[in-house]
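Engineer: Numbering (UniProt numbering), first residue to last: 1 to 110.
For glycine and all other residues, C-beta sits at the position ideal for the given N, C-alpha and C.
Since the structure is predicted, the reported quantities are computational estimates derived from the model, not experimental observations.
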């Protein structure tokens with residue numbers, strides 16, 4: 001019963017865009033869960049549960065972050081690139097789009 005209810009919650013959804021008095025055509029939503037729902041965060045965490053990483057990986061609500069300390073004198077950039085490649089492959093295999101605009105490198109000096 002719970003599986004059927006969850007399945008019906010994410011299937012058969014449509015959306016359209018409204019700007020002032022203009023509306024777009026209705027379009028079927030083929031993936032994801034409705035934003036602003038109580039079930040959105042747990043469904044996301046279930047979805048990304050098998051996303052693994054050799055680097056620290058933080059998953060929260062509808063976002064993931066990978067972190068790595070890289071020494072300036074001995075950068076291990078191939079390891080970081082490999083992890084980014086793994087996440088890209090996982091995203092593609094699971095029909096999830098990566099938002100490249102949110103990709104950030106945050107240098108810190110200690």
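How about residue 88 and residue 98: do their beta carbons lie closer than 8 Å?
Structural biologist: yes
Engineer: Can you tell me where the alpha helix (DSSP H) holding residue 46 begins and where it ends?
Structural biologist: 40–47
Engineer: Is residue 44 buried or exposed, if buried means 16 or more other CB atoms sit within 10 Å of its CB?
Structural biologist: With 16 or more other Cβ atoms within 10 Å, it is buried.
Engineer: Could you check whether residue 70 and residue 80 sit closer than 8 Å to each other, using their CB atoms as the reference points?
Structural biologist: yes
Engineer: So residue 30 and residue 48 are in contact, right, with Cβ under 8 Å, and what is the actual spacing, rounded?
Structural biologist: 18 Å between Cβ atoms; not a contact.
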